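Take a look at the structure below.
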Amino acid sequence: MKLTLQIWRQNGPQDKGKIENYQVDATEEMSFLEMLDVLNQQLIEEKKDPVAFDHDCREGICGACSMVINGRPHGPQKATTTCQLHMRHFKDGDTIVIEPFRANAFPVVKDLVVDRSAFDRIIQSGGYISVNTGQAPDGNDIPIEKGISATAFDAAACIGCGACVAACPNASAMLFTSAKVSHLALLPQGAVEGERRAQSMVAQMDKEGFGFCSNTGACEIECPKEISISNIARLNRQYLKSSIASSEINE
Amino acid sequence: MNWFLRFFTSSIGRKLIMSLTGLFLIVFLVIHLIGNLQLLNDDNGLSFNTYAYFMTTNGLIKTVSYGLYLFILLHAFQGILIAKVNKSSRKNRYVSNQGQVANWESRNMAILGILIFAFLLMHMGDFWLKMKMGQLDMVKYDGYDHPVKDLYGRVSIAFNQLWIVAIYVIGQIALYLHLKHGFASAFQTLGWNHPKYTPLIKSVGLVYAILIPLGFALIPLYIYFVK
Ligand code: HEM
Ligand code: SF4
Ligand code: FES
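Residue numbers (the working numbering), protein chains in the order written: chain A, 150 to 400; chain B, -1 to 225.
Here is the structure:
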């Protein structure tokens, strides 16, 4: 299949950047990233600068492969990362617009690569348990109701890809932050620090320059791991409770 | 920082203000509509004018109304400030805009809010201000010992002008869209998301968002076309 690619090229954070056109010959069984590999091989042979894009696992679990395809983070396919998106979902002769995730908190490094270390700093501010909770058998020793463990697991499926921020009209990081707060808060080992965690992670999230949540729901539609916005409600609950009902006055 | 300041300057704390003031306005609109439906009675304004007299003289209602003015302003200013933060969180826009998956109204709450606010200014200038500043004729009904201001007459004059009727209908369309998203959104902001009750909240919200603006729009339409 012959495709026209309109790709955002930006040579570093200060560069203004612009869309450039490319032609590429792909096959249906290629993944989207393999199709970009073919393009890059072509560019290297022509002694041109290959398109920079992030990728690592290529099996849908690391969250690296950030890009917006025809206006949709990770492309049009539901619950699918870019690396798991296959060219059979496109047609011969299609024009595909590819650009980076866009948010002030995710500055472009080069072309399609953005700096998502704002997420790392949100995790560093509280997305952990402060004591050693042991190995898997120790965790399995604690009886946990099935519904709760399943909800915690669903939240823990977040791969930190940032598609929620990219999709949000406000570039809000509430879905990511709420998933990280939720999967810890729901389990006994994490619940102990739940209130302080909600406080510090929201404070860091606000500091990074993400927008506020308008409950548009765009994030849960685009999330490759189908994280639900019920997690955002849980974060709201935790944050409201820890602000209003906790006995800490100054901190 | 003191917890209070910290909370009400945080993103979630500021959204809590939007949610609570929004819900207050939602309750107010029900009462406001029930009262205003008296305009449809064919009694030469008796029921509406006595209702208006009660609302402007009762001490408790007057106190609550100051809260209402404050909450509308708080909701409007906070809403516009939040919208500014949200707009500026993505300085570089997407090239392709074919990927908007969220509802139009959920993305344009501030534009809808500004339309509602503009409508409110006109609405209050027309009736509230005239009621307060007392440029209205007085009427005396049988069985009442004192005359009351004829707000009914003023409303009838206004709603016999097509352009005013049109503005009222447009205002209610904006309100419908604002509430279509806002009603359920306010509960999500409060953290009220539950597999059993969220679908109910969404349905009630949709019914509310249709019925209340429809009720308000019917009043000028009825007076213009039927009375
Ligand atoms: C009677 C009139 C109004 C009612 C009943 C109302 C109700 C609501 C409700 C229930 C919400 C949802 C809150 C949440 O998401 O938690 C909301 C949001 C909002 N309202 Fe209003 N509102 C009214 C008038 C206004 C006005 C006059 C403005 C601005 C000039 C405004 C601006 C906004 C904005 C910007 C939001 C979205 C906040 C966000 O997305 O974070 N509203 N409104
Ligand atoms: S919530 Fe979904 S979209 Fe957001 S970072 Fe996690 S996996 Fe990605
Ligand atoms: S490369 Fe790891 S999720 Fe796509």
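A virtual CB, placed ideally from N, CA and C, is assigned to each residue, including glycine. Quick caveat, the model's predicted, so the values are computed rather than measured.
Residue contact check for residue 38 of chain B against chain A: no CB pair falls below 8 Å. The C-beta distance from residue 255 of chain A to residue 351 of chain A rounds to 19 Å, too long to fall under 8 Å, and the pair is not in contact.
Under the Cβ distance rule, residue 207 of chain B does not count among the residues neighbouring chain A, no pair being separated by less than 8 Å. Short note on residue 218 of chain A: C-beta not closer than 7 Å to any heavy atom of ligand 1.
At a cut-off of 7 Å, the beta-carbon of residue 112 of chain B counts as near ligand 1: some heavy atom of the ligand is closer than that. Contact with chain A is absent for residue 77 of chain B, since none of that chain's Cβ atoms lies less than 8 Å from the residue's Cβ. Annotation for residue 387 of chain A: the continuous alpha helix (DSSP H) segment containing it runs 379 to 393.
The beta carbon of residue 204 of chain B sits closer than 7 Å to the beta carbons of 178 from its chain, once the five residues preceding and following it are set aside; these are given in chain order. Setting aside the 5 residues that flank it on each side, residue 185 of chain B is surrounded in the same chain by 199, each with a C-beta closer than 7 Å to its C-beta; the list follows chain order.
Under the Cβ distance rule, residue 298 of chain A does not count among the residues neighbouring chain B, no pair being separated by less than 8 Å. In the three-state DSSP reduction, residue 247 of chain A falls in the strand class (E or B). Counting only the Cα atoms, residue 205 of chain A lies some 22 Å from residue 160 of chain A. In this structure, residue 225 of chain A has its CB at a distance of at least 7 Å from all heavy atoms of ligand 2. Of the residues A:363, A:324, A:321, A:322, the one whose Cα lies closest to the Cα of residue 181 of chain B is A:363.
One Cα belongs to residue 76 of chain B, the other to residue 319 of chain A, and the distance between them is close to 16 Å.
In this structure, ligand 1 has no non-hydrogen atom nearer than 7 Å to the beta-carbon of residue 208 of chain B.
Here residue 161 of chain A carries a coil assignment [DSSP, helix/strand/coil]. Using a Cβ distance threshold of 8 Å, residue 377 of chain A and residue 347 of chain A do not count as a contacting pair.
With respect to the C-alpha of residue 215 of chain B, the residue from B:183, B:165, B:193 having the closest C-alpha is B:165. Taking 8 Å as the upper bound for CB-CB distance, residue 249 of chain A and residue 312 of chain A are not in contact here, some 12 Å apart. If you draw a 10 Å sphere on the C-beta of residue 184 of chain A, you find 16 or more other C-beta atoms in it, and that means buried. Any Cβ of chain B closer than 8 Å to the Cβ of residue 389 of chain A would place that residue at the interface, and such an atom is present. Collapsing the DSSP output to three states places residue 95 of chain B in coil. Residue side-chain check: residue 101 of chain B keeps its Cβ at 7 Å or more from all non-hydrogen atoms of ligand 1. Beta-bridge partners assigned by DSSP to residue 221 of chain A: A:218.
In chain order, 125, 128, 134 place their CB closer than 7 Å to the CB of residue 152 of chain B, counting only its own chain and leaving out the 5 sequence neighbours on each side. Ranked by Cα distance from residue 79 of chain B, the options A:326, A:382, A:360 are led by A:360. By the criterion of a C-beta distance shorter than 8 Å, residue 371 of chain A is surrounded in its chain by 221, 222, 223, 312, 313, 315, 316, once the five residues flanking it on both sides are discounted. One thing to note: residue 176 of chain B has its Cβ within 8 Å of the Cβ of residue 114 of chain B. For the pair residue 212 of chain B and residue 41 of chain B, the Cα-to-Cα distance works out to about 23 Å. Note: residue 136 of chain B is bridge-paired with B:147 in the DSSP secondary-structure output. Bounds of any alpha helix (DSSP H) do not take in residue 398 of chain A, whose DSSP letter is neither H nor E.
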